[in-house]
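**Student:** Supplied in structure tokens, the structure appears directly below.
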Amino acid sequence: MSDTEKRKEEAKKVRMDAAERAFNRPHPEHKSNHNGDDEDQHHYMMNFSKGLHHNQETGLVEDTTKFKKFRKAIDDGLVDAFTSQGIASEKKSPGRKWEAPTAGYVFSLQGPDAQAVTMPPAPALGTVELAYEMAEVYELALLRDVSLKGFSSDSTAPELADSICRLNSICYPLTGGDRNYQIGHPSVEGYEKDRPRTNKDGVIDAQNAYRGSSPGVEVGPYLSQFMLIGNNSLNGDGAPNDGLILFGAQQISQKVPEAHKGQDYMTDWRDWLDAQNGQTEQDTSSLYTSNTRFITTPRDLASYVHHDALYQAYLNALLIMLAKGTSFDPAFKTLSGQGPNTKDYQAGGFALWGGPHILSLVTEVATRALKAVRWQKFNTHLRLRPEVLAARIHKAETLDTKFSLSGEESFKSMRAKIQETVKQIEEKNSSGSALLPMAFQEGSPMHPSYGAGHATVAGACVTILKAFFDGSQPFDATGHGANTAYVASDDGSTLDKVSVVGGNLTVNGELNKLAANISIGRNMAGVHFYSDYFDSLRMGEAIAIGILEEQALCYPKDEFTLTLETFDGDNLTIHRSGVF
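Heads up: the sequence shown is residues 1 to 580, going by UniProt numbering.
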């Protein structure tokens, strides 16, 4: 056999081995709390139906037969069904388009199949968990214009203190329990009903409130340094607190457009109903001032995740780390020319083991994440958005009476669990409604809530970064040590140096924080729940691990071995023989 033929056979074997590895992964059963025909009698009150016509009195989908046509079009998986000849003709107006409802049917040639990863059922009506996470979204709307500097134990804003007090009055177990994970592949079975927050004592405080749940997110300022700092220009001038990231020969600013303070949307029933019927409401010319600034408030973070370019935050983080010379994973430091005696190495990483390698890989996983989460969104859970659950609370008396809802599985019961928070919302809204004040004029996107696309992409991209870099090393954002960090000034015009609370910053901690910031930034806008972040993040992680596992088979000479810490704090090694 010639060398050419031998290589051809070896290439075929690698592809077959990767296919076998993917085939042997379990394809789990996908389970949902709300997607059955039994929901018909309640007009699919816990399902996503935005874009269909809704009843003016109840806010529920007007005609359940049209909802069934919508769901059948999703299950058929053909885009043609969403043209004006199909389900789109059932919409009240042409308005907004549903976003990629058939993407979960598409196959991929690398990594887990879009249907080979899953998420457990979302919290159901009647559970304390659902009431608690609805309270969280309400509270974040109340905090939208509070400085993120106040989200810290050494600088507590009174508004945050009041918010924390209201949350802690809800009897919900915040610490979680053992979660059933087959390495790299979340399983539906064995999940505890609650998703833990950062504090291990079951109490929310100023240092951990609204931060998510992964190692390091509770350390230091609320915002990841990767969302603030920059690096030097090609001339070597500039400083991290200039907030300018070097993109090749160009620079990009970390500042975002400033949205008008106190300006929220969809708090009037007519406006809410128009949005549910699919009318196009977005108008950026009236949403923002002419000013830009560093991310200063939850409203600023919501603005970032309103317009970000999918994997933008993770690409920025990668460019910052490459410019800082952040060490790669110890398993291939020498292969990338980063060994202890770098002057001895006359080969450095580039096409592999180096910058271009990870630059392409951190973006590659994003589309895989979106395909998988679309299967969860449309084909599995069809979960309603927070703006709709708030409308159910607003109409609790009407809905409970009309559909004979009582006990825990009623909207009056949910409202009672979080009544202090609801009262604050009603006082805030000029209409006196319990509707959720939205940061975006159009409210949520045109796809269901669970899972979250931003969070799934965050999980996948950040997992790639944690695998390539030595995540345990300190992260020095300011040049004065890992015990200092930057926060935006009061007006967001500059970055101020502060002492880190709760330990020292690490690479993994700031990457985990970055994933939480992007994901929970969507909650701050009012378009997602906490469970959307929590489970989507971990599904994205599983997708990235599967891709890396298959890539490890492709290196016949120097081995492709990586280590990483998961979002649950477990340590994994990825090797051609598997994940350990």
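We treat Cβ as the ideally placed atom computed from N, Cα and C, and that holds for glycine.
#1: Here's the rule: buried if 16 or more other CB atoms are within 10 angstroms of the residue's CB, otherwise exposed. What is residue 117?
#2: When burial is assigned at 16 or more other CB atoms within 10 Å of the CB, is residue 202 buried or exposed?
#3: With a CB to CB cut of under 8 Å and the five nearest residues on each side skipped, what residues in its chain are close to residue 473?
#4: First and last residue of the beta strand (DSSP E) that includes residue 246?
#5: Mind pulling the alpha helix (DSSP H) runs of 4 or more residues that sit fully within the stretch 266–338?
#6: Let me know if residue 350 comes out buried or exposed under the rule of 16 or more other beta-carbons within 10 Å of its beta-carbon.
#7: According to DSSP, simplified to helix, strand and coil, what is residue 195?
#8: If you draw a straight line from the alpha carbon of residue 62 to that of residue 464, how long is it in whole angstroms?
#9: Grab me the residues of residue 418's own chain with a C-beta within less than 6 Å of its C-beta, minus the 5 sequence neighbours each way, in chain order.
#10: Per DSSP, residue 496 forms a beta bridge with which residues?
#11: For residue 438, which three-state DSSP category applies?
#12: Distance, Cα to Cα, residue 167 vs residue 252?
#13: What is the residue span of the alpha helix (DSSP H) that residue 507 lies within?
#14: Taking C-alpha atoms, which residue in 106, 426, 58 lies nearest to residue 368?
#15: Provide the residue span of the beta strand (DSSP E) that contains residue 253, from first to last.
#16: So which of 439, 142, 55 has the shortest CA-CA distance to residue 281?
#17: Where does residue 2 fall in DSSP's three states?
#18: For residue 257 and residue 303, which I take to be in contact (beta-carbon distance under 8 Å), what is that distance rounded to the nearest angstrom?
#19: Do three or more CB pairs link the stretch 45–54 to the stretch 264–280 at distances below 8 Å?
#20: Can you tell me where the beta strand (DSSP E) holding residue 571 begins and where it ends?
#21: Under 8 Å between the Cβ atoms of residue 392 and residue 411?
#22: Does residue 340 pass the burial test, meaning 16 or more other C-beta atoms within 10 Å, or should it be called exposed?
#23: In the DSSP assignment, what are the bridge partners of residue 26?
#24: Check whether the stretch 291–305 touches the stretch 108–123, counting contact only when three or more Cβ pairs, one atom from each stretch, lie closer than 8 Å.
#25: Taking 8 Å as the cut-off, does the stretch 559–574 touch the stretch 24–31 (at least 3 CB pairs, one atom from each stretch)?
#26: Give the straight-line distance between the Cα atoms of residue 524 and residue 208, rounded to the nearest whole angstrom.
#27: Between the stretch 398–408 and the stretch 147–160, do three or more beta carbon pairs fall short of 8 Å?
#28: Identify, in the order they occur along the chain, each residue of the same chain with its Cβ nearer than 7 Å to the Cβ of residue 49, setting aside the five sequence neighbours on each side.
#29: Indicate whether the contact test is met: 3 or more Cβ pairs, each with one atom in the stretch 540–556 and one in the stretch 15–23, closer than 8 Å.
#30: Based on the DSSP output, what are the partners of residue 469 in its beta bridges?
#31: What residue range does the beta strand (DSSP E) around residue 563 cover?
#32: Could you name the residues of the same chain whose beta carbon sits closer than 7 Å to that of residue 322, not counting the 5 residues immediately before and after it, in chain order?
#33: What are the residues that DSSP puts in a beta bridge with residue 54?
#34: Please list the terminal residues of the continuous beta strand (DSSP E) segment that includes residue 256.
#35: So residue 540 is in the alpha helix (DSSP H); what residue range does that whole segment cover?
#36: Identify every residue that forms a DSSP beta bridge with residue 579.
**Tutor:** The structure says:
#1: On the sequence shown, residue 117 is found 117 positions in, with the first residue counted as 1. That one is buried.
#2: Sequence index remark: in the sequence shown, residue 202 carries index 202 (1-based). Residue 202 is exposed by the Cβ-count criterion.
#3: The residue labelled residue 473 in the question sits at position 473 within the sequence shown. Counting only Cβ-Cβ distances below 8 Å, and skipping sequence neighbours, we find 326, 327, 506, 507.
#4: On the sequence shown, position 246 is the one that residue 246 refers to. Element bounds for residue 246: 244–247.
#5: 269–276, 284–287, 298–307, 312–324
#6: Here residue 350 is taken as the residue at index 350 of the sequence shown, counted from 1. By the 16-neighbour rule on beta-carbons within 10 angstroms, residue 350 is exposed.
#7: Counting from 1 along the sequence shown, the entry for residue 195 is found at position 195. Looking at residue 195 - three-state DSSP - the assignment turns out to be coil, as it is neither helix nor strand.
#8: Indexing the sequence shown from 1 puts residue 62 at position 62. Indexing the sequence shown from 1 puts residue 464 at position 464. Distance between the alpha carbons of residue 62 and residue 464: 45 Å.
#9: Taking the first residue of the sequence shown as position 1, residue 418 is located at position 418. If we look at residue 418 and ignore the five residues flanking it on each side, its Cβ neighbours are 131, 135.
#10: As a working mapping, residue 496 is identified with position 496 in the sequence shown. Residue 496 is bridged to 487.
#11: Residue mapping note: residue 438 aligns to position 438 of the sequence shown, counting from 1. Three-state result, residue 438: strand.
#12: Sequence index remark: in the sequence shown, residue 167 carries index 167 (1-based). Sequence index remark: in the sequence shown, residue 252 carries index 252 (1-based). When rounded, the distance between both Cα atoms is 38 Å.
#13: On the sequence shown, residue 507 is found 507 positions in, with the first residue counted as 1. Residues 507–525.
#14: Walking along the sequence shown from the start, residue 368 turns up at place 368. The candidate whose alpha carbon is nearest that of residue 368 is 106.
#15: Within the sequence shown, the letter at position 253 stands for residue 253. Counting along the chain, the beta strand (DSSP E) containing residue 253 begins and ends at 250–253.
#16: Your numbering for residue 281 matches position 281 in the sequence shown. Per the Cα distances, 439.
#17: Counting from one through the sequence shown, the residue named residue 2 turns up at place 2. Coil at residue 2, not helix or strand.
#18: Taking the sequence shown and counting its residues from 1, one reaches residue 257 at position 257. Taking the sequence shown and counting its residues from 1, one reaches residue 303 at position 303. The Cβ separation is near 6 Å, so the contact holds.
#19: yes
#20: Translated into positions along the sequence shown, residue 571 becomes position 571. Residues 571–575.
#21: Here residue 392 refers to the residue found at position 392 of the sequence shown. Here residue 411 refers to the residue found at position 411 of the sequence shown. With contacts defined by Cβ atoms closer than 8 Å, residue 392 and residue 411 form a contacting pair.
#22: Here the question's residue 340 lines up with position 340 in the sequence shown. Classification for residue 340: exposed.
#23: Looking up residue 26 in the sequence shown gives position 26. Answer is none; residue 26 lacks a bridge partner.
#24: No, they do not touch.
#25: no
#26: For the purposes of this step, residue 524 is identified with residue 524 of the sequence shown, where counting begins at 1. For the purposes of this step, residue 208 is identified with residue 208 of the sequence shown, where counting begins at 1. Distance between the alpha carbons of residue 524 and residue 208 is about 15 Å.
#27: no
#28: Counted from its first residue, the sequence shown places residue 49 at position 49. 61, 67.
#29: The way I'd put it, the stretch 540–556 does touch the stretch 15–23; three or more beta-carbon pairs between them come closer than 8 Å.
#30: Here residue 469 refers to the residue found at position 469 when the sequence shown is read from its first residue. Answer is 328, bridged to residue 469.
#31: Here the question's residue 563 lines up with position 563 in the sequence shown. It spans 562–565 - the beta strand (DSSP E) in which residue 563 sits, taken as one unbroken run.
#32: Residue 322 sits at position 322 when you count from the first residue of the sequence shown. Cβ neighbours of residue 322 beyond the five flanking positions: 355.
#33: The residue labelled residue 54 in the question sits at position 54 within the sequence shown. Beta-bridge pairing links residue 54 to 61.
#34: Counted from its first residue, the sequence shown places residue 256 at position 256. Segment 256–259, the beta strand (DSSP E) holding residue 256.
#35: Within the sequence shown, numbered from 1, the residue matching residue 540 stands at position 540. Per DSSP, residue 540 belongs to the alpha helix (DSSP H) from 530–551.
#36: Along the sequence shown, one-based indexing puts residue 579 at 579. In the DSSP output, where bridge partners are listed per residue, residue 579 has 574.
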